[in-house]
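Under my numbering, the first residue of the sequence shown is numbered -12, with each subsequent residue one higher. Ideal Cβ positions, reconstructed from N, Cα and C, are used throughout, including at glycine. Below: one structure, written as C-alpha coordinates.
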Amino acid sequence: MTELAEPVSVEEQRRHSLGTEAARNLATTTKTVPQMRAITPRWLLRTLPWVDLAAGTYRVNRRLTYTVGDGRLTFVGEGERIRVIPAELRELAPLRELPDDEPLAALAGAFEQREYAAGEVLAAEGDRADELFLIAHGKIDKRATSKYGDASVLGTLTDGDHFGAAELMRGGEWEFTGAAVTRCVALVLTREAFERQLSASPGLRAHIDAVRDSTAPPANKYGEAPIDLASGHAGEPDIPSTFVDYELAPREYELSVAQTVLRVHTRVADLYREPMDQLEQQLRLTVQALRERQEHELVNNREFGLLHNADLGQRIQTRTGPPTPEDLDELLSRRRKTRFFFAHPRAVAAFGMECTRRGLYPEGVEVDGARVRAWRGVPMLPCDKIPINPDGTTSILAMRVGEESNGVVGLRQTGLPDECEPGLNVRFMGIGENAIARYLVSAYFSVAVLVPSALGVLENVELGRSA
-12 MTELAEPVSV EEQRRHSLGT EAARNLATTT KTVPQMRAIT PRWLLRTLPW
38 VDLAAGTYRV NRRLTYTVGD GRLTFVGEGE RIRVIPAELR ELAPLRELPD
88 DEPLAALAGA FEQREYAAGE VLAAEGDRAD ELFLIAHGKI DKRATSKYGD
138 ASVLGTLTDG DHFGAAELMR GGEWEFTGAA VTRCVALVLT REAFERQLSA
188 SPGLRAHIDA VRDSTAPPAN KYGEAPIDLA SGHAGEPDIP STFVDYELAP
238 REYELSVAQT VLRVHTRVAD LYREPMDQLE QQLRLTVQAL RERQEHELVN
288 NREFGLLHNA DLGQRIQTRT GPPTPEDLDE LLSRRRKTRF FFAHPRAVAA
338 FGMECTRRGL YPEGVEVDGA RVRAWRGVPM LPCDKIPINP DGTTSILAMR
388 VGEESNGVVG LRQTGLPDEC EPGLNVRFMG IGENAIARYL VSAYFSVAVL
438 VPSALGVLEN VELGRSA
(Lines of atoms letter the chains of each structure in order from A and count residues from 1; the text may use other names and numbers.)
(Lines give C-alpha, C1' and ligand atoms only; values in the text may rest on other atoms or scores of the structure.)
Protein backbone atom coordinates (compact mmCIF):
# COMPACT_ATOMS: atom_id res chain seq x y z
CA MET A 1 0.00 0.00 0.00
CA THR A 2 1.49 3.26 -1.09
CA GLU A 3 1.66 6.19 1.34
CA LEU A 4 -0.44 9.19 0.38
CA ALA A 5 1.43 12.47 -0.03
CA GLU A 6 0.45 15.40 2.14
CA PRO A 7 -2.13 17.60 0.40
CA VAL A 8 -0.80 20.80 -1.12
CA SER A 9 -2.76 23.95 -0.39
CA VAL A 10 -4.29 26.00 -3.15
CA GLU A 11 -1.94 28.89 -2.27
CA GLU A 12 1.13 26.65 -2.68
CA GLN A 13 -0.19 25.42 -6.03
CA ARG A 14 -0.29 29.03 -7.24
CA ARG A 15 3.35 29.83 -6.05
CA HIS A 16 5.59 31.01 -8.88
CA SER A 17 8.96 30.62 -7.03
CA LEU A 18 10.68 28.50 -4.36
CA GLY A 19 9.38 29.12 -0.84
CA THR A 20 11.60 29.96 2.14
CA GLU A 21 10.73 26.78 4.06
CA ALA A 22 11.95 24.61 1.22
CA ALA A 23 14.97 26.80 0.56
CA ARG A 24 16.21 26.35 4.17
CA ASN A 25 16.75 22.68 3.47
CA LEU A 26 19.66 23.64 1.21
CA ALA A 27 20.98 26.55 3.28
CA THR A 28 23.31 26.90 6.29
CA THR A 29 21.81 28.95 9.10
CA THR A 30 23.80 31.69 10.81
CA LYS A 31 23.99 30.88 14.54
CA THR A 32 25.08 32.75 17.64
CA VAL A 33 27.22 31.29 20.34
CA PRO A 34 25.14 30.17 23.37
CA GLN A 35 23.85 33.20 25.26
CA MET A 36 23.65 33.57 29.05
CA ARG A 37 21.42 36.02 30.92
CA ALA A 38 23.46 35.82 34.15
CA ILE A 39 26.48 37.61 32.68
CA THR A 40 26.93 41.10 34.22
CA PRO A 41 29.55 43.82 33.62
CA ARG A 42 31.45 42.68 36.74
CA TRP A 43 32.89 46.13 37.37
CA LEU A 44 34.48 45.05 40.64
CA LEU A 45 36.62 42.40 38.94
CA ARG A 46 37.52 44.81 36.14
CA THR A 47 38.58 47.74 38.32
CA LEU A 48 40.37 46.06 41.24
CA PRO A 49 44.17 46.05 40.97
CA TRP A 50 45.24 42.40 41.19
CA VAL A 51 48.26 41.24 43.18
CA ASP A 52 49.90 38.02 42.05
CA LEU A 53 50.71 35.71 44.96
CA ALA A 54 53.65 33.38 44.68
CA ALA A 55 52.73 31.15 47.64
CA GLY A 56 48.95 31.45 47.89
CA THR A 57 49.03 33.60 51.07
CA TYR A 58 49.08 37.38 51.49
CA ARG A 59 50.17 38.93 54.80
CA VAL A 60 49.11 42.51 55.57
CA ASN A 61 51.63 44.08 57.96
CA ARG A 62 50.44 47.22 59.74
CA ARG A 63 51.61 49.58 62.42
CA LEU A 64 50.55 48.62 65.92
CA THR A 65 47.00 49.88 66.63
CA TYR A 66 45.38 50.02 70.03
CA THR A 67 41.93 48.43 70.08
CA VAL A 68 39.36 50.53 71.93
CA GLY A 69 36.34 48.26 71.82
CA ASP A 70 33.93 50.42 69.85
CA GLY A 71 32.13 47.62 68.02
CA ARG A 72 28.44 46.93 67.69
CA LEU A 73 26.34 44.92 70.07
CA THR A 74 24.05 42.00 69.33
CA PHE A 75 20.56 41.63 70.76
CA VAL A 76 18.06 38.78 70.99
CA GLY A 77 14.29 39.10 71.07
CA GLU A 78 11.90 37.18 73.28
CA GLY A 79 8.48 38.27 72.07
CA GLU A 80 8.33 42.03 72.51
CA ARG A 81 11.16 41.96 75.03
CA ILE A 82 14.69 42.61 73.79
CA ARG A 83 17.87 41.88 75.72
CA VAL A 84 21.56 42.28 75.00
CA ILE A 85 23.82 39.24 74.90
CA PRO A 86 26.00 39.60 78.05
CA ALA A 87 29.30 38.80 76.34
CA GLU A 88 28.57 41.51 73.77
CA LEU A 89 28.94 44.14 76.52
CA ARG A 90 32.70 43.74 76.04
CA GLU A 91 32.24 45.82 72.90
CA LEU A 92 31.95 48.76 75.30
CA ALA A 93 35.43 50.16 75.78
CA PRO A 94 35.37 50.22 79.63
CA LEU A 95 34.35 46.54 79.77
CA ARG A 96 36.60 45.20 77.05
CA GLU A 97 39.22 43.66 79.34
CA LEU A 98 36.82 42.39 82.01
CA PRO A 99 37.89 38.74 82.55
CA ASP A 100 34.79 37.41 84.34
CA ASP A 101 31.51 36.69 82.55
CA GLU A 102 29.31 36.62 85.67
CA PRO A 103 29.21 40.41 86.22
CA LEU A 104 28.32 40.87 82.54
CA ALA A 105 25.25 38.65 82.91
CA ALA A 106 24.03 40.65 85.91
CA LEU A 107 24.81 43.93 84.16
CA ALA A 108 22.90 42.87 81.04
CA GLY A 109 19.84 42.18 83.20
CA ALA A 110 19.98 45.70 84.66
CA PHE A 111 19.14 47.41 81.36
CA GLU A 112 15.56 48.60 80.93
CA GLN A 113 13.81 48.64 77.56
CA ARG A 114 12.45 51.96 76.31
CA GLU A 115 10.71 53.01 73.12
CA TYR A 116 10.99 56.45 71.53
CA ALA A 117 8.84 57.99 68.83
CA ALA A 118 10.32 59.83 65.85
CA GLY A 119 11.49 63.27 66.97
CA GLU A 120 11.72 62.36 70.65
CA VAL A 121 14.94 63.29 72.49
CA LEU A 122 16.90 60.58 74.30
CA ALA A 123 19.66 62.84 75.67
CA ALA A 124 19.83 66.63 75.58
CA GLU A 125 23.01 68.65 75.08
CA GLY A 126 24.17 70.17 78.39
CA ASP A 127 22.14 67.83 80.63
CA ARG A 128 23.84 65.54 83.09
CA ALA A 129 25.01 62.35 81.37
CA ASP A 130 23.87 59.57 83.69
CA GLU A 131 22.54 56.91 81.29
CA LEU A 132 24.03 54.41 78.84
CA PHE A 133 22.01 53.80 75.67
CA LEU A 134 22.21 50.63 73.53
CA ILE A 135 20.31 51.04 70.25
CA ALA A 136 18.44 47.81 69.52
CA HIS A 137 16.38 49.15 66.62
CA GLY A 138 15.87 52.47 64.87
CA LYS A 139 17.89 55.48 63.84
CA ILE A 140 19.18 58.32 66.03
CA ASP A 141 20.87 61.58 65.06
CA LYS A 142 23.64 63.08 67.17
CA ARG A 143 23.11 66.85 66.97
CA ALA A 144 25.10 69.68 68.47
CA THR A 145 25.07 73.47 68.49
CA SER A 146 27.93 75.02 66.57
CA LYS A 147 30.11 77.89 67.75
CA TYR A 148 27.77 80.35 66.02
CA GLY A 149 24.53 78.81 67.27
CA ASP A 150 23.63 76.76 64.21
CA ALA A 151 22.44 73.16 64.55
CA SER A 152 24.68 70.49 63.04
CA VAL A 153 24.43 66.70 62.74
CA LEU A 154 27.54 64.95 64.08
CA GLY A 155 26.52 61.48 63.01
CA THR A 156 23.78 58.87 62.89
CA LEU A 157 23.44 55.79 65.11
CA THR A 158 21.46 52.69 64.27
CA ASP A 159 20.97 49.04 65.27
CA GLY A 160 23.83 47.80 67.46
CA ASP A 161 25.33 51.22 68.17
CA HIS A 162 25.63 52.76 71.62
CA PHE A 163 26.49 55.99 73.37
CA GLY A 164 27.05 57.18 76.93
CA ALA A 165 29.56 54.55 78.13
CA ALA A 166 32.40 56.98 78.82
CA GLU A 167 30.04 59.55 80.35
CA LEU A 168 28.51 56.93 82.65
CA MET A 169 31.94 55.79 83.86
CA ARG A 170 33.45 59.21 84.42
CA GLY A 171 30.46 61.56 84.76
CA GLY A 172 29.93 64.86 82.96
CA GLU A 173 27.39 66.42 80.63
CA TRP A 174 26.08 65.46 77.23
CA GLU A 175 28.08 67.18 74.50
CA PHE A 176 25.37 66.50 71.93
CA THR A 177 21.65 65.85 71.64
CA GLY A 178 20.50 62.36 70.72
CA ALA A 179 17.16 62.56 68.87
CA ALA A 180 15.18 59.72 67.30
CA VAL A 181 14.80 59.99 63.53
CA THR A 182 12.53 56.94 63.37
CA ARG A 183 10.76 54.90 66.00
CA CYS A 184 13.49 53.51 68.24
CA VAL A 185 13.90 50.74 70.76
CA ALA A 186 16.78 51.21 73.20
CA LEU A 187 18.13 49.43 76.25
CA VAL A 188 19.04 51.96 78.93
CA LEU A 189 21.29 51.54 81.98
CA THR A 190 20.81 54.29 84.54
CA ARG A 191 23.55 55.47 86.89
CA GLU A 192 21.59 54.13 89.89
CA ALA A 193 21.34 50.66 88.35
CA PHE A 194 25.00 50.76 87.42
CA GLU A 195 26.04 51.68 90.96
CA ARG A 196 23.92 48.81 92.32
CA GLN A 197 25.79 46.39 90.07
CA LEU A 198 29.13 47.79 91.24
CA SER A 199 28.08 47.27 94.88
CA ALA A 200 26.98 43.70 94.18
CA SER A 201 30.17 42.72 92.32
CA PRO A 202 33.55 43.58 93.89
CA GLY A 203 35.31 42.30 90.79
CA LEU A 204 33.36 44.63 88.52
CA ARG A 205 33.97 47.59 90.83
CA ALA A 206 37.71 46.89 90.92
CA HIS A 207 37.79 46.71 87.13
CA ILE A 208 35.85 49.96 86.67
CA ASP A 209 38.03 51.74 89.24
CA ALA A 210 41.13 50.60 87.36
CA VAL A 211 39.63 51.88 84.10
CA ARG A 212 38.85 55.25 85.66
CA ASP A 213 42.38 55.61 87.01
CA SER A 214 44.14 54.40 83.86
CA THR A 215 45.33 56.51 80.97
CA ALA A 216 45.11 55.39 77.40
CA PRO A 217 48.44 54.61 75.67
CA PRO A 218 49.66 57.45 73.46
CA ALA A 219 48.32 57.13 69.95
CA ASN A 220 47.70 59.23 66.87
CA LYS A 221 44.17 60.00 65.66
CA TYR A 222 44.06 56.68 63.83
CA GLY A 223 44.82 54.70 66.99
CA GLU A 224 48.35 53.80 65.88
CA ALA A 225 51.36 53.79 68.17
CA PRO A 226 52.98 57.22 67.68
CA ILE A 227 56.30 58.07 66.04
CA ASP A 228 58.01 60.71 68.20
CA LEU A 229 59.32 63.66 66.19
CA ALA A 230 60.65 67.17 66.81
CA SER A 231 60.12 70.22 64.64
CA GLY A 232 60.43 74.00 64.84
CA HIS A 233 63.31 73.86 67.31
CA ALA A 234 66.49 75.92 67.36
CA GLY A 235 69.86 75.43 68.97
CA GLU A 236 70.88 72.00 70.23
CA PRO A 237 67.91 70.41 72.02
CA ASP A 238 67.71 66.69 72.59
CA ILE A 239 66.13 65.08 69.53
CA PRO A 240 63.56 62.44 70.47
CA SER A 241 64.36 58.86 69.56
CA THR A 242 61.67 56.58 68.26
CA PHE A 243 60.82 53.37 66.45
CA VAL A 244 57.85 52.14 64.41
CA ASP A 245 55.97 49.39 66.20
CA TYR A 246 54.23 46.66 64.20
CA GLU A 247 51.29 44.38 64.85
CA LEU A 248 52.56 41.12 66.34
CA ALA A 249 49.90 39.00 64.63
CA PRO A 250 49.22 40.54 61.20
CA ARG A 251 46.31 39.22 59.20
CA GLU A 252 46.99 36.69 56.49
CA TYR A 253 44.70 36.11 53.51
CA GLU A 254 44.62 32.67 51.90
CA LEU A 255 43.23 32.31 48.41
CA SER A 256 39.68 31.09 48.28
CA VAL A 257 38.44 28.86 45.48
CA ALA A 258 35.30 28.45 43.38
CA GLN A 259 35.15 25.14 41.50
CA THR A 260 32.95 22.93 39.38
CA VAL A 261 33.34 19.75 37.34
CA LEU A 262 32.30 20.16 33.72
CA ARG A 263 31.06 16.96 32.04
CA VAL A 264 30.97 16.57 28.25
CA HIS A 265 30.04 13.37 26.42
CA THR A 266 32.82 12.35 24.05
CA ARG A 267 30.31 11.70 21.27
CA VAL A 268 29.15 15.30 21.47
CA ALA A 269 32.74 16.60 21.57
CA ASP A 270 33.76 14.42 18.63
CA LEU A 271 30.82 14.73 16.24
CA TYR A 272 29.43 18.20 16.87
CA ARG A 273 32.47 20.45 16.62
CA GLU A 274 31.38 22.52 13.64
CA PRO A 275 30.70 25.33 13.20
CA MET A 276 31.29 25.80 16.95
CA ASP A 277 33.39 23.68 19.26
CA GLN A 278 31.02 22.23 21.87
CA LEU A 279 33.71 21.88 24.55
CA GLU A 280 34.88 25.44 24.01
CA GLN A 281 31.36 26.83 24.40
CA GLN A 282 30.68 24.71 27.47
CA LEU A 283 33.89 25.99 29.05
CA ARG A 284 33.18 29.59 28.07
CA LEU A 285 29.83 29.65 29.87
CA THR A 286 31.20 27.73 32.87
CA VAL A 287 34.01 30.28 33.25
CA GLN A 288 31.48 33.11 33.06
CA ALA A 289 29.47 31.51 35.88
CA LEU A 290 32.62 31.08 37.99
CA ARG A 291 33.57 34.72 37.50
CA GLU A 292 30.09 35.78 38.60
CA ARG A 293 30.45 33.64 41.73
CA GLN A 294 33.92 35.11 42.30
CA GLU A 295 32.56 38.66 42.35
CA HIS A 296 29.75 37.58 44.67
CA GLU A 297 32.28 36.11 47.11
CA LEU A 298 34.48 39.22 47.01
CA VAL A 299 31.48 41.22 48.22
CA ASN A 300 29.63 38.80 50.52
CA ASN A 301 32.03 36.17 51.87
CA ARG A 302 32.00 36.36 55.68
CA GLU A 303 35.74 35.72 55.97
CA PHE A 304 37.16 38.20 53.46
CA GLY A 305 34.20 39.83 51.67
CA LEU A 306 34.15 43.61 51.52
CA LEU A 307 30.78 44.04 53.24
CA HIS A 308 31.94 42.05 56.26
CA ASN A 309 35.49 43.42 56.48
CA ALA A 310 34.85 47.14 56.51
CA ASP A 311 36.10 48.70 59.73
CA LEU A 312 33.33 49.71 62.14
CA GLY A 313 34.67 53.24 62.17
CA GLN A 314 34.20 53.40 58.40
CA ARG A 315 30.52 52.36 58.48
CA ILE A 316 28.10 55.26 58.38
CA GLN A 317 24.33 55.55 58.24
CA THR A 318 22.11 57.46 55.85
CA ARG A 319 20.65 60.60 57.41
CA THR A 320 17.12 60.20 56.10
CA GLY A 321 16.99 56.77 54.45
CA PRO A 322 17.50 57.23 50.68
CA PRO A 323 21.07 57.81 49.42
CA THR A 324 21.54 61.57 49.24
CA PRO A 325 24.44 63.75 48.06
CA GLU A 326 25.07 64.61 51.72
CA ASP A 327 25.47 60.91 52.54
CA LEU A 328 27.98 60.37 49.74
CA ASP A 329 29.90 63.48 50.78
CA GLU A 330 30.16 62.04 54.28
CA LEU A 331 31.37 58.75 52.81
CA LEU A 332 33.98 60.58 50.71
CA SER A 333 35.25 62.55 53.71
CA ARG A 334 36.30 59.36 55.52
CA ARG A 335 39.25 58.62 53.22
CA ARG A 336 41.69 60.17 50.80
CA LYS A 337 41.72 59.33 47.12
CA THR A 338 38.39 57.52 46.96
CA ARG A 339 38.58 55.84 43.57
CA PHE A 340 35.20 54.12 43.14
CA PHE A 341 31.71 53.82 44.55
CA PHE A 342 30.00 50.45 44.13
CA ALA A 343 26.24 50.17 44.53
CA HIS A 344 23.36 47.96 43.47
CA PRO A 345 21.80 49.31 40.25
CA ARG A 346 18.64 50.19 42.20
CA ALA A 347 20.74 52.20 44.66
CA VAL A 348 22.38 54.03 41.75
CA ALA A 349 18.92 54.87 40.44
CA ALA A 350 17.77 55.98 43.91
CA PHE A 351 20.75 58.33 44.19
CA GLY A 352 19.95 59.73 40.74
CA MET A 353 16.39 60.48 41.86
CA GLU A 354 17.65 62.28 44.97
CA CYS A 355 19.95 64.42 42.80
CA THR A 356 17.05 65.22 40.47
CA ARG A 357 14.86 66.24 43.41
CA ARG A 358 17.53 68.75 44.40
CA GLY A 359 18.03 70.03 40.87
CA LEU A 360 21.50 68.48 40.66
CA TYR A 361 22.69 66.83 37.47
CA PRO A 362 26.25 65.58 38.10
CA GLU A 363 28.37 64.86 35.05
CA GLY A 364 29.30 61.30 34.29
CA VAL A 365 32.82 59.99 33.80
CA GLU A 366 34.31 57.43 31.44
CA VAL A 367 35.57 54.11 32.82
CA ASP A 368 36.98 51.51 30.41
CA GLY A 369 35.25 53.21 27.50
CA ALA A 370 31.82 53.29 29.18
CA ARG A 371 30.04 56.40 30.45
CA VAL A 372 28.90 55.94 34.06
CA ARG A 373 27.27 58.09 36.73
CA ALA A 374 29.65 59.89 39.09
CA TRP A 375 29.60 62.06 42.20
CA ARG A 376 32.37 64.61 42.83
CA GLY A 377 34.22 62.98 39.92
CA VAL A 378 34.19 59.54 41.57
CA PRO A 379 32.56 56.86 39.37
CA MET A 380 29.50 55.09 40.82
CA LEU A 381 29.69 51.61 39.35
CA PRO A 382 26.74 49.20 39.44
CA CYS A 383 27.28 45.88 41.24
CA ASP A 384 24.27 43.60 41.58
CA LYS A 385 26.19 41.36 44.00
CA ILE A 386 25.60 43.90 46.78
CA PRO A 387 22.46 42.45 48.36
CA ILE A 388 19.10 44.11 48.91
CA ASN A 389 17.81 43.09 52.33
CA PRO A 390 14.23 41.90 52.90
CA ASP A 391 13.39 45.28 54.44
CA GLY A 392 14.34 47.03 51.19
CA THR A 393 17.71 48.39 52.34
CA THR A 394 21.13 47.95 50.79
CA SER A 395 24.68 49.31 51.11
CA ILE A 396 27.01 51.49 49.05
CA LEU A 397 30.78 50.84 49.06
CA ALA A 398 33.48 53.48 48.63
CA MET A 399 37.07 52.43 48.25
CA ARG A 400 40.61 53.47 47.56
CA VAL A 401 42.47 50.84 45.53
CA GLY A 402 46.03 49.70 44.93
CA GLU A 403 49.04 48.75 47.05
CA GLU A 404 50.77 52.07 46.37
CA SER A 405 47.77 53.91 47.88
CA ASN A 406 47.31 51.55 50.87
CA GLY A 407 43.98 50.62 49.38
CA VAL A 408 41.94 47.54 48.46
CA VAL A 409 43.58 44.90 46.26
CA GLY A 410 42.41 41.71 44.64
CA LEU A 411 44.48 38.58 45.21
CA ARG A 412 45.14 35.76 42.79
CA GLN A 413 47.90 33.41 41.63
CA THR A 414 48.93 33.22 37.99
CA GLY A 415 50.99 30.59 36.23
CA LEU A 416 48.73 27.77 37.42
CA PRO A 417 48.96 24.38 35.70
CA ASP A 418 46.56 24.26 32.72
CA GLU A 419 45.70 27.94 33.24
CA CYS A 420 43.23 29.40 30.72
CA GLU A 421 42.75 32.83 32.37
CA PRO A 422 44.69 34.60 35.15
CA GLY A 423 43.92 32.74 38.37
CA LEU A 424 41.67 30.18 36.63
CA ASN A 425 42.58 26.77 35.26
CA VAL A 426 40.88 23.82 33.58
CA ARG A 427 42.28 20.35 34.35
CA PHE A 428 41.30 17.18 32.49
CA MET A 429 40.09 14.52 34.93
CA GLY A 430 39.75 11.61 32.53
CA ILE A 431 36.96 9.74 30.73
CA GLY A 432 34.63 7.40 32.61
CA GLU A 433 33.18 4.09 31.50
CA ASN A 434 30.07 5.97 30.34
CA ALA A 435 32.22 7.87 27.79
CA ILE A 436 31.80 11.19 29.63
CA ALA A 437 34.89 13.40 29.85
CA ARG A 438 35.30 15.46 33.03
CA TYR A 439 37.13 18.76 33.48
CA LEU A 440 37.84 20.44 36.83
CA VAL A 441 37.40 24.21 36.47
CA SER A 442 38.85 26.26 39.36
CA ALA A 443 39.13 29.97 40.11
CA TYR A 444 41.45 31.09 42.94
CA PHE A 445 40.95 34.56 44.46
CA SER A 446 40.57 36.76 47.52
CA VAL A 447 40.56 40.47 48.40
CA ALA A 448 42.49 42.41 51.04
CA VAL A 449 41.91 45.79 52.71
CA LEU A 450 45.39 47.13 53.47
CA VAL A 451 44.35 49.83 55.97
CA PRO A 452 40.89 50.34 57.53
CA SER A 453 40.28 53.72 55.91
CA ALA A 454 40.62 52.23 52.41
CA LEU A 455 37.05 50.89 52.50
CA GLY A 456 33.87 52.60 53.66
CA VAL A 457 30.24 51.48 53.70
CA LEU A 458 27.06 53.55 53.65
CA GLU A 459 24.59 51.26 55.40
CA ASN A 460 20.80 51.01 55.57
CA VAL A 461 20.30 52.72 52.22
CA GLU A 462 16.55 52.68 51.65
CA LEU A 463 15.18 52.06 48.17
CA GLY A 464 11.84 53.16 46.84
CA ARG A 465 11.30 55.95 49.37
CA SER A 466 11.86 59.68 49.03
CA ALA A 467 13.57 61.61 51.79
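Assigned secondary structure, His220 (DSSP; H/G/I helix, E/B strand, else coil): Numbered from 1 along the sequence shown, position 233 holds the residue referred to as residue 220. The answer is coil: DSSP assigns His220 none of H, G, I, E or B.
Closest by CA to Pro369, which one among Leu32, Gly136, Asn12, Glu406? Residue numbering aside, residue 369 sits at position 382 when the sequence shown is read from its first letter. When only C-alpha atoms are compared, the closest one is Leu32.
Three-state secondary structure assigned by DSSP to Gln246: Walking along the sequence shown from the start, residue 246 turns up at place 259. If DSSP states are grouped into helix, strand and coil, Gln246 belongs with the strands.
What would DSSP say about Asn412, mapped onto helix, strand or coil? Counting from 1 along the sequence shown, the entry for residue 412 is found at position 425. Of the three classes helix, strand and coil, the one that applies to Asn412 here is strand, per DSSP.
Unbroken beta strand (DSSP E) run spanning Glu112, endpoints: As a working note, residue 112 is residue 125 in the sequence shown. Note, Glu112: premise wrong, no beta strand (DSSP E); not H, not E.
If you draw a straight line from the C-alpha of Leu76 to the C-alpha of Leu91, how long is it? Reading the sequence shown from its first residue, position 89 is the one you call residue 76. Reading the sequence shown from its first residue, position 104 is the one you call residue 91. Between Leu76 and Leu91, the C-alpha separation is close to 7 angstroms.
Mark Pro262 as exposed unless 16 or more other C-beta atoms lie within 10 angstroms of its C-beta, in which case mark it buried. Against the sequence shown, residue 262 aligns to sequence position 275. The residue in question, Pro262, is exposed, as its Cβ has fewer than 16 Cβ neighbours within 10 Å.
To the nearest angstrom, report how far apart Glu267 and His331 are at their CA atoms. In the sequence shown, the residue the question calls residue 267 occupies position 280. In the sequence shown, the residue the question calls residue 331 occupies position 344. About 32 angstroms.
Please confirm whether Ala256 and Gln265 have their CB atoms less than 7 angstroms apart. The sequence position of residue 256 within the sequence shown is 269, counting from 1. The sequence position of residue 265 within the sequence shown is 278, counting from 1. Yes; because the gap between Cβ atoms is below 7 angstroms, this pair is in contact.
Is the Cβ-Cβ distance between Asp314 and Leu445 less than 7 angstroms? As a working note, residue 314 is residue 327 in the sequence shown. As a working note, residue 445 is residue 458 in the sequence shown. Yes, Cβ-Cβ distance for Asp314 and Leu445 is below 7 angstroms.
Going by beta carbon distance, what residues of the same chain come within less than 7 angstroms of Arg254, once the five residues before and after it are set aside? Position 267 of the sequence shown, counting from 1, holds the residue named residue 254. Correct list, in chain order: Ala422.
Locate the beta strand (DSSP E) running through Ile69, then write down its first and last residues. The count along the sequence shown starts at 1 and reaches residue 69 at position 82. Taken as a continuous stretch (DSSP letters only), the beta strand (DSSP E) holding Ile69 covers 68 to 71.
Asn48 to Leu427 span [Cα, whole Å]: Here residue 48 refers to the residue found at position 61 when the sequence shown is read from its first residue. Here residue 427 refers to the residue found at position 440 when the sequence shown is read from its first residue. Those two C-alpha atoms are separated by around 35 angstroms.
Taking 8 angstroms as the limit between beta carbons, can you name the residues of its chain near Lys324, skipping five residues before and five after? Numbered from its first residue, the sequence shown carries residue 324 at position 337. Closer than 8 angstroms at the Cβ level, and outside the excluded window around Lys324, lie Arg387, Ser392, Gly394.
Beta-carbon separation of Ala424 and Val248 under 7 angstroms? Looking up residue 424 in the sequence shown gives position 437. Looking up residue 248 in the sequence shown gives position 261. The answer is no: Cβ separation not under 7 angstroms.
Would you kindly check if the distance between the Cβ of Ala441 and the Cβ of Leu398 is under 7 angstroms? Here residue 398 refers to the residue found at position 411 of the sequence shown. Here residue 441 refers to the residue found at position 454 of the sequence shown. Contact: no.
Indicate whether the contact test is met: 3 or more Cβ pairs, each with one atom in the stretch 114 to 123 and one in the stretch 135 to 148, closer than 8 angstroms. yes
How would you write the range of the alpha helix (DSSP H) that Gln301 sits in, first residue to last? Within the sequence shown, numbered from 1, the residue matching residue 301 stands at position 314. Note, Gln301: premise wrong, no alpha helix (DSSP H); not H, not E.
Tell me the DSSP bridge mates of Thr177? Reading the sequence shown from its first residue, position 190 is the one you call residue 177. Partner(s): Glu118.
Give every residue of the same chain whose Cβ lies closer than 7 angstroms to the Cβ of Pro237, excluding the five residues on either side of it in the sequence, and list them in chain order. By one-based count along the sequence shown, residue 237 stands at place 250. Excluding positions up to five away in sequence, the list reads Arg46, Val47, Asn48, Arg49.
Limits of the beta strand (DSSP E) - the one that Pro366 falls within: Counted from its first residue, the sequence shown places residue 366 at position 379. Counting along the chain, the beta strand (DSSP E) containing Pro366 begins and ends at 365 to 369.
Along the chain, where does the beta strand (DSSP E) containing Glu446 start, and where does it finish? In the sequence shown, the residue the question calls residue 446 occupies position 459. Per DSSP, Glu446 belongs to the beta strand (DSSP E) from 442 to 449.
Put Ala422 into one of helix, strand or coil per three-state DSSP. Counted from its first residue, the sequence shown places residue 422 at position 435. Here Ala422 sits in coil by DSSP.
Assign Thr311 to one of two classes, buried (16 or more other C-beta atoms within 10 Å of its C-beta) or exposed (fewer than that). On the sequence shown, position 324 is the one that residue 311 refers to. Classification of Thr311: buried, given that the 10 Å Cβ count is 16 or more.
Taking Cβ positions, are Gln400 and Leu40 nearer each other than 7 angstroms? To locate residue 400, count along the sequence shown from 1; it is residue 413. To locate residue 40, count along the sequence shown from 1; it is residue 53. Cβ atoms of Gln400 and Leu40: closer than 7 angstroms.
Give the secondary structure of His124 by DSSP, where H, G and I count as helix, E and B as strand, and everything else as coil. Working through the sequence shown from its first residue, we reach residue 124 at position 137. Residue state, collapsed to three classes: strand.
May I ask you to report which of helix, strand or coil DSSP gives Asp39? Against the sequence shown, residue 39 aligns to sequence position 52. Looking at Asp39 - three-state DSSP - the assignment turns out to be strand.
State buried or exposed for Ser218, treating a residue as buried only when at least 16 other CB atoms are found within 10 Å of its CB. As a working mapping, residue 218 is identified with position 231 in the sequence shown. Ser218 is exposed by the Cβ-count criterion.
Kindly provide the ranges of any beta strand (DSSP E) runs that are 3 or more residues long and lie completely inside the stretch 250 to 311, ordered along the chain. 302 to 304
Length of the line joining the Cα atoms of Gly364 and Glu182: To locate residue 364, count along the sequence shown from 1; it is residue 377. To locate residue 182, count along the sequence shown from 1; it is residue 195. Distance between the alpha carbons of Gly364 and Glu182 is about 53 angstroms.
Can you confirm whether the stretch 60 to 71 touches the stretch 98 to 112 when touching is taken to mean that 3 or more C-beta pairs between the two stretches lie within less than 8 angstroms? yes
Are the stretch 371 to 383 and the stretch 285 to 295 touching, with three or more C-beta to C-beta distances below 8 angstroms? yes
Indicate whether Ile127 and Gly165 have their beta-carbon atoms separated by less than 7 angstroms. Translated into the one-based positions of the sequence shown, residue 127 becomes position 140. Translated into the one-based positions of the sequence shown, residue 165 becomes position 178. It is a contact, given that the beta carbons lie within the stated cut-off.
For the alpha helix (DSSP H) that Glu89 lies in, which residues bound it at each end? The residue you call residue 89 lines up with position 102 of the sequence shown. Glu89 -> alpha helix (DSSP H) spans 89 to 96.
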